[in-house]
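Undergrad: Chains as they are written, first to last, in my numbering: chain A, 1 to 437; chain B, 1 to 437.
Questions regarding the structure given below will be posed in turn.
This is the structure we're talking about:
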C-alpha cells in the first residue's frame with residue numbers, strides 16, 4: 001500500500017510553520033516498509049481539502065490527513081472527510097464522555113465547542129485520544145482508507161503508533177502484501193565536519209546502492225550492499241550519519257545495520273578517533289550519563305556563555321538525579337567571583353574556566369565540575385572575538401584542564417555548539433585515563 | 001494567479017529533512033498578495049514528478065518546482081518538465097559558458113556531469129544562476145507557467161526574488177489582476193486554553209469574513225472586517241492568536257491589523273485580564289526583559305524542576321547581561337539546603353519555593369528572585385503527583401509569594417509549561433502593584 005500524507009492548515013501554506021508532521025510520518029512509514037510517494041499541504045478551506053483528499057485517494061492506496069480536528073471554527077477536516085465519504089456526521093456519545101472526563105480531571109468544564117470534536121463521519125471508527133481532546137478517525141472510502149489525526153505532533157505520533165500502523169498492517173496482510181522493513185540507524189558524531197565525514201566515508205559509500213523509495217523486496221534480506229548512507233548536520237545534536245537498510249524483517253535488517261555500523265565505526269575511528277558518541281536517540285547528555293554511571297561520579301556545572309542550556313539538557317535524562325547535582329549559571333561576572341570563587345580578571349579565559357569548574361565541584365558538592373565561558377556576540381569581550389569558547393573540567397584527583405575553541409554562527413548557534421562541545425569533553429574524559437603530557 | 005509549490009526530493013518523503021523551501025515560498029508569495037492553495041512533495045522519480053506537476057497545473061495557475069536541478073543522476077526535474085511541456089531538451093551554450101566560467105574563477109575544471117545543468121526544455125527561458133551552477137527555468141505550459149529553481153535554499157530564494165516574482169507580476173498585470181498584500185500579526189497569550197480563547201472571541205470572529213487564501217480584492221483596503229482569526233497552541237511558546245488581513249498595500253494592512261489587535265486585546269482583557277504577553281516574535285523571555293527594563297530591576301533564578309531551562313531562555317534576549325544575574329540550578333536537594341538556604345523538609349512545597357526565590361535573590365545579588373520546583377515525573381515526590389509545580393517570587397520590599405498549579409504531559413512538557421508559567425508570573429508582577437490581600 002502506498003500512503004499519501006495530507007497536512008491541513010493555512011499556517012503551512014503561509015509559511016508560518018514548517019510541516020514537521022509530514023517528515024515524521026514519512027520517516028515512520030518508511031521504517032515500516034510502507035512507501036509514501038506524495039505529500040500535500042492544503043489550507044483550512046472545505047472545497048480545497050476535499051480536492052486534496054480526492055487527489056490523494058486517486059493516486060495512492062491510503063491517506064493520512066493531519067490537522068483541522070480541533071474545537072474551533074477553522075477546524076473543518078471532519079466535514080471535508082464526510083463529503084469525500086459521501087456520508088453525514090454523527091455525534092459519538094462515547095467520545096463526548098471521554099472529552100468531558102478529560103476536562104473534569106483537570107478541574108475544568110468542557111466547552112460547548114469541544115462537542116464538535118465528537119462528530120464522526122458515518123462508517124468511520126475512532127482512534128481514542130489519550131493526550132488531547134480530539135480523537136483520530138479511520139475512514140473507509142471504497143477499498144481505500146483515510147486516516148485523520150490531530151496536527152499536534154505528540155498526539156499525531158501517538159495515534160500513528162497506536163491506531164494507524166496496526167490498521168495498515170492488517171490491511172496489507174489482507175491484501176497478501178509483505179511489507180518487509182526499511183530501517184535506519186543513526187550514528188551521532190561530534191568532532192568532524194559534515195564534508196570531512198563524507199570524504200572519509202566516500203570509498204565505503206561508493207560500494208552501496210539501493211532505491212530508498214521502493215517497497216522492500218521479499219528477498220531483500222542479506223542482499224549485498226543493501227544500504228545507503230546519508231549525513232545530516234544537526235546543530236546542537238552534532239552531525240548524524242544515517243545508515244538505511246532494506247530487508248525482509250527486523251532481524252535481517254538488524255544484521256545489515258550491525259555490519260554497516262561496525263564498518264563505519266572502524267573507518268571513523270581510524271581517521272578521527274572517538275567521534276561517535278551515541279546511536280539513534282542517544283543524545284550527548286545520554287552519553288555523559290552513561291560514562292558517569294559507569295564511573296559512579298556526580299557532576300556539577302558552571303555555565304556563563306550557555307546560560308543553563310547544558311544543565312537543561314542533562315535533566316532530560318531519566319534518573320539524572322542520581323548523578324546530576326546542579327549548576328551555577330554565573331551570567332553576571334560578580335556571580336563568578338562571589339559564588340564560584342573565580343579570581344578577579346578576565347572571565348573569558350583559560351584561568352576563569354578552570355576556576356569555574358573547580359568552583360562548581362566545591363559549591364555543588366560534585367565529583368566532576370564542568371564549566372563553559374565564552375563570547376556569544378555580537379560584540380567582543382575581554383579582547384576575545386564572538387564565538388570564542390573556553391571549557392573547563394575539574395575531576396577529583398586529577399589536574400584541572402581547560403580547552404578553548406572557536407565556533408561560527410549567531411548567539412544561539414554559538415551556545416548550542418559550546419554546549420555539545422563541553423558535554424563531549426566530559427564524555428571523553430570521565431572514566432578515561434587523564435590526557436598524557 | 002494561484003501558485004502551487006512542488007518540492008522534489010526523496011529525502012523529503014523519507015523525513016530526512018523538513019521542507020523549509022515550501023514554507024519560505026508560501027510566506028513570500030503571501031506577502032506579495034499571491035495565493036498558494038496547495039503544496040506537494042514528490043521523490044526523485046520521473047513518472048511521479050510528471051504526475052505531481054500535471055496535478056498542480058490542473059488545479060493552479062502556475063507552479064514553482066524546487067529541487068532536482070543538480071548535476072547527478074538523481075536530478076531529473078528538467079526531464080520531467082520537458083515531458084509535461086511535450087518538448088525536448090536543448091543544450092544552452094550560454095549556460096555552458098556561465099558554468100564553465102564559474103568553475104574557472106574557483107580554479108577548478110567543470111565536470112562533464114555539469115553539462116546536464118545546461119539542458120533547457122525547448123520554449124523555456126533561463127533565470128541565470130549567480131550562486132550555484134544550476135540555472136532556473138521559466139517554462140510556459142499552454143496559458144499556464146511552470147518555474148523551476150534549485151533546492152538549495154539561498155539559490156531558490158535568490159531566483160524567486162530576481163526571476164519568478166517579476167515574471168509573476170508581469171503575468172498578473174497582463175491578466176488585469178491587482179496583487180495587494182496579505183499580512184499577519186500574532187498575539188501571544190498565556191493563561192487561557194485554546195478553546196477558552198475561541199469561546200471568548202467567538203462573537204468577534206463571527207463578524208469577520210474573508211478567506212486568507214483568496215487573492216486580494218482591488219478594493220480590499222479598509223473593507224470592514226477584512227480579517228481572519230486563527231489559534232495555534234505552541235507549547236512552551238503559549239497559545240498564539242493570529243490575525244490575518246488582506247489589503248491593497250502595507251500601510252492599509254497595518255491599519256487593519258491595528259484595529260483588530262485593539263479589538264481582540266479589549267475582549268481578552270475584559271474576559272481574562274492580562275493574558276497577552278507579546279506580539280509576533282516576542283516570546284515570554286522578551287516580555288520579562290521588557291518589564292525588568294522599565295522597572296530597572298535585576299533578576300536571579302533558582303531552578304529545580306526545570307533544570308536551567310528558564311535561564312537558558314532568558315539569555316537569548318539581547319542585552320540580558322544588564323538585568324539577568326544568573327541562576328542556581330538546585331537539582332539535588334542538598335544544593336537547595338546548602339547553597340540556597342532552603343529549610344530542611346519537603347522540597348516540592350510552597351515553603352521551599354519561597355525559600356528558593358529568596359535564596360536566589362541573596363546568593364545572586366538580584367532585586368527579583370524567581371524559583372521553580374515541582375515533580376517532572378514519572379514518579380511522585382514529597383507526596384505530590386507528577387505535574388505539580390510551585391513557583392516562588394521574591395521582590396525587594398514585598399512579601400514573598402508562591403503559586404502552585406498542575407500541568408499535564410511528560411517530563412519535557414511539564415518542564416516547558418512550568419518555565420513559561422513561572423516567567424509569566426514574573427512578567428505580571430514586576431512593576432505592578434503587589435497582589436491585594
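Backbone N, C-alpha and C fix where the C-beta goes; we use that ideal spot for every residue, glycine too.
#1: With distances taken from CA atoms, which of A:205, A:397 and A:348 is nearest residue 385 (chain A)?
#2: Comparing C-alpha positions only, which one of B:374, B:59, B:320 and B:286 sits nearest to residue 377 (chain A)?
#3: Let me make sure I understand the geometry here. Which of A:390, A:331 and A:364 has the alpha-carbon closest to that of residue 371 (chain A)?
#4: Quick one: does residue 312 (chain A) have its CB under 9 Å from some CB of chain B?
#5: If we cut at 9 Å on Cβ distances, does residue 465 (chain B) have a partner in chain A?
#6: For residue 185 (chain B), I'd like the list of residues in its chain whose CB is within less than 7 Å of its CB, leaving aside the five on either flank, ordered along the chain.
#7: Alpha carbon to alpha carbon, what distance is there between residue 192 (chain A) and residue 137 (chain B)?
#8: By the three-class DSSP mapping on this structure, what secondary structure does residue 299 (chain A) have?
#9: Exposed or buried, residue 397 (chain A), counting other C-beta atoms within 10 Å across all chains shown (16 or more means buried)?
#10: Residues of chain B with CB under 7 Å from residue 40 (chain A), in chain order?
#11: Out of B:78, B:195, B:38 and B:265, point me to the one whose CA is closest to residue 46 (chain B)'s CA.
#12: Would you check if the region 61-78 of chain A and the region 138-154 of chain A touch, i.e. whether three or more CB-CB distances between them fall below 8 Å?
#13: Classify residue 331 (chain B) as helix, strand or coil using the three-state DSSP reduction.
#14: Are the beta-carbon atoms of residue 430 (chain B) and residue 368 (chain B) separated by less than 9 Å?
#15: Please name the residue, chosen from A:3, A:188 and A:33, that lies closest to residue 246 (chain A) on a Cα-to-Cα basis.
#16: Return the residues of the region 39-70 of chain A that lie within a Cβ-Cβ distance of less than 8 Å from chain B, sorted by chain order.
#17: Which whole runs of the beta strand (DSSP E) in the region 35-122 of chain B are 3 residues long or more, in chain order?
#18: Quick check for students: name the residue ranges of the alpha helix (DSSP H) that lie wholly in the region 258-307 of chain A, counting only runs of 4 or more.
#19: Does any residue of chain B bring its CB to less than 9 Å from the CB of residue 414 (chain A)?
#20: Helix, strand or coil for residue 206 (chain B)? Go by DSSP, reduced to three states.
#21: Whose Cβ in chain A lies nearer than 7 Å to the Cβ of residue 325 (chain B)?
#22: Assuming residue 15 (chain A) and residue 282 (chain B) are in contact, meaning their beta carbons sit under 8 Å apart, how far apart are those beta carbons, in whole angstroms?
#23: Between the alpha carbons of residue 387 (chain A) and residue 300 (chain A), how many angstroms are there, rounded?
#24: Check the Cβ of residue 339 (chain A) against every Cβ in chain B and list those closer than 7 Å, keeping chain order.
#25: Can you grab the Cα-Cα spacing for the pair residue 57 (chain A) / residue 13 (chain B), in whole Å?
#26: Report the rounded CA-to-CA distance for residue 4 (chain A) versus residue 52 (chain A), giving the unit in angstroms.
#27: Residue 439 (chain B) versus chain A: which residues are under 8 Å apart at the beta carbon?
#28: What separation, rounded to the nearest whole angstrom, lies between the Cα atoms of residue 181 (chain B) and residue 29 (chain B)?
#29: For residue 359 (chain A), report the span of its alpha helix (DSSP H) as first-last.
#30: Just how far apart, CA to CA, sit residue 268 (chain A) and residue 201 (chain A)?
#31: Could you check which residue in A:399, A:129, A:296 and A:393 has the C-alpha nearest to that of residue 421 (chain A)?
#32: Skipping 5 residues on each side, what residues in its chain have a beta carbon closer than 7 Å to that of residue 124 (chain B)?
#33: With 9 Å as the threshold, decide whether the Cβ of residue 11 (chain A) is near any Cβ in chain B.
#34: At least one CB of chain A closer than 9 Å to the CB of residue 250 (chain B): is that the case?
#35: On the three-state DSSP scale, how would you describe residue 197 (chain A)?
#36: Using the DSSP secondary-structure output, state which residues sit across from residue 144 (chain A) in a beta bridge.
TA: Taking the coordinates as given:
#1: A:348
#2: B:320
#3: Comparing Cα positions, the closest option is A:390.
#4: By this cut-off, residue 312 (chain A) is an interface position.
#5: This structure gives no information on residue 465 (chain B), because the portion of chain B shown stretches from 1 to 437.
#6: 243, 257, 261, 279 and 280
#7: 37 Å
#8: strand
#9: exposed
#10: 38, 39 and 40
#11: B:78
#12: Put simply, the region 138-154 of chain A touches the region 61-78 of chain A. At least three CB pairs are less than 8 Å apart.
#13: coil
#14: yes
#15: Ranking the options by Cα distance to residue 246 (chain A), first place goes to A:33.
#16: The residues in question are 39, 40, 41, 42, 43, 44, 45, 48, 51, 52, 55, 59 and 70.
#17: 38-42, 62-66, 89-91 and 119-121
#18: 284-295
#19: Using a Cβ-Cβ cut-off of 9 Å, residue 414 (chain A) does not count as an interface residue toward chain B, since no Cβ of chain B sits closer than that to its own.
#20: Residue 206 (chain B) falls in the helix class under three-state DSSP.
#21: 331, 332 and 335
#22: In fact, because the Cβ distance is near 19 Å, the residues do not count as touching under 8 Å.
#23: Approximately 24 Å between the Cα atoms of the pair.
#24: 363
#25: Rounded to whole angstroms, residue 57 (chain A) to residue 13 (chain B) spans 17 Å at the Cα level.
#26: 10 Å
#27: Past the boundaries of the shown model lies residue 439 (chain B); chain B is included only from 1 to 437, so the question cannot be answered.
#28: 9 Å
#29: Start and end: 350-364.
#30: Between residue 268 (chain A) and residue 201 (chain A), the C-alpha separation is close to 8 Å.
#31: Checking every option, the nearest Cα to that of residue 421 (chain A) belongs to A:393.
#32: Taken in chain order, the residues that qualify are 137, 138 and 139.
#33: yes
#34: no
#35: helix
#36: A:141
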